[in-house]
Amino acid sequence: MGARTLVAVERRDGRYDLHHSQWGGEHLDRLSAMDRGDDRGDGLSPGLVDPDPVCPAVPVQRLLSALKPRAHEAVVVVGETTETYLVCWLGIETSRESESAPSAEAREEWSSAFTGDVTALVPWTDDATAARLRRFLRITKDVLGDAVDAGLVPAWLAAAYLAVRLARRPDSPDDVLWLPRGGANVE
C-alpha cells in the first residue's frame, strides 16, 4: 500500500485542497518543508504529492473527513505554516469473533471513546522519533491483540490501555489531537 499521507493545502479562499502522497510517510521531512505556493499547488513537492486534488475546496470544518486512519500514516496541513502529524489508529485487531462484554457501567463510560475507532494525531518532530512511535504502536497492538485473542482482556479495555500508554509516552507531545470515535469531523 505504501506510506500514504493525506496532504491538505490551504487555498487563498480559506478552503483546502486534499492531495494524496503515496510514499509521503517515508519523506515527512520533505513534506514538512512545503509551502502552499499559489492556488495552482505550486508549493507541492514534485513527484512526492499527487498534483490533482482528490477533494478540492474542502471547508476547514470537514478537513479531516477524508482521513482514513487505517490507510494513512500521516497528515500534512500546509497553510501559513506547515503542520505534520502521524496518524495513530488505536483499534486492536484480533482474530476472535466475540469478546467478553464489559459491565453496563464500564461499557457506558468507555464505549464512546474506546471501541477501536479512536485515532490520535501525534505531531511529527523527526524521523527517529516517528520510527520509535510506530514501532511502539506496532508491538503494543500485536501484544494486546494476542491478549484479546487469548481471552485475557476485552478489546475495549485493550484499546483504552493503548490510548493511555500513547498519551504517557515521552515521544508523544502534549498537543496530541484525539479524533472523535466514528469520524474525523471537527466542528
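Per my numbering, the sequence shown starts with residue 55, numbered consecutively. All C-beta atoms in this analysis are idealised placements derived from N, C-alpha and C, irrespective of residue type, glycine included.
Is the distance from the Cβ of residue i to the Cβ of residue j below 7 Å?
{"i": "His126", "j": "Arg58", "result": "yes"}
{"i": "Ala213", "j": "Leu144", "result": "yes"}
{"i": "Val129", "j": "Leu121", "result": "yes"}
{"i": "Leu198", "j": "Ile146", "result": "yes"}
{"i": "Leu85", "j": "Cys142", "result": "no"}
{"i": "Thr148", "j": "Val218", "result": "no"}
Nearest by alpha-carbon distance to residue i: which of the options is it?
{"i": "Ala185", "options": "Asp196, Ala201 and His81", "result": "His81"}
{"i": "Leu60", "options": "Gly101, Leu117, Leu206 and Ala182", "result": "Leu117"}
{"i": "Glu102", "options": "Asp181, Arg219 and His74", "result": "Glu is not the amino acid found at residue 102; the sequence shown has Leu there. Nearest C-alpha to Leu102: His74."}
{"i": "Asp89", "options": "Gln76, Gln115, Ala62 and Trp77", "result": "Ala62"}
{"i": "Ile193", "options": "Thr135, Asp104, Leu216 and Tyr139", "result": "Leu216"}
{"i": "Leu233", "options": "Leu140, Leu187 and Pro224", "result": "Leu140"}
{"i": "Gln76", "options": "Asp180, Asp106 and Arg223", "result": "Asp106"}
{"i": "Pro123", "options": "Gly79, Gln115, Glu64 and Val172", "result": "Val172"}
{"i": "Leu98", "options": "Ser119, Thr136 and Ala204", "result": "Thr136"}
{"i": "Asp83", "options": "Ala182, Gly133 and Arg223", "result": "Ala182"}
{"i": "Arg65", "options": "Gly78, Val114, Pro100 and Ala87", "result": "Val114"}
{"i": "Pro224", "options": "Ser119, Glu134, Leu187 and Pro100", "result": "Leu187"}
{"i": "Gly133", "options": "Asp104, Ser119, Ala87 and Pro100", "result": "Ala87"}
{"i": "Thr138", "options": "Asp104, Lys195, Arg189 and Gly79", "result": "Gly79"}
DSSP beta-bridge partners for residue i?
{"i": "Trp210", "result": "Looking at the DSSP assignment, Trp210 forms no beta bridge with any residue, so it has no partner."}
{"i": "Trp143", "result": "Thr173"}
{"i": "Thr59", "result": "Ser75 and Ala128"}
{"i": "Leu232", "result": "Checking the sequence shown, residue 232 turns out to be Trp, not Leu. Bridge partners of Trp232: Ala174."}
{"i": "Thr183", "result": "According to DSSP, which records beta bridges pairwise, Thr183 is partnered with nothing at all."}
{"i": "Tyr70", "result": "Glu64 and Val112"}
{"i": "Ala80", "result": "The sequence given here has Glu at residue 80, not Ala. Looking at the DSSP assignment, Glu80 forms no beta bridge with any residue, so it has no partner."}
{"i": "Thr138", "result": "Val130"}
Using 8 Å as the threshold, is the segment 211 to 229 in touch with the segment 174 to 192, meaning 3 or more CB pairs across them? yes
Can you confirm whether the segment 99 to 110 touches the segment 68 to 85 when touching is taken to mean that 3 or more C-beta pairs between the two stretches lie within less than 8 Å? yes
Can you give, in chain order, each stretch of the beta strand (DSSP E) that sits fully within the segment 94 to 135 and has at least 3 residues? 109 to 112 and 128 to 132
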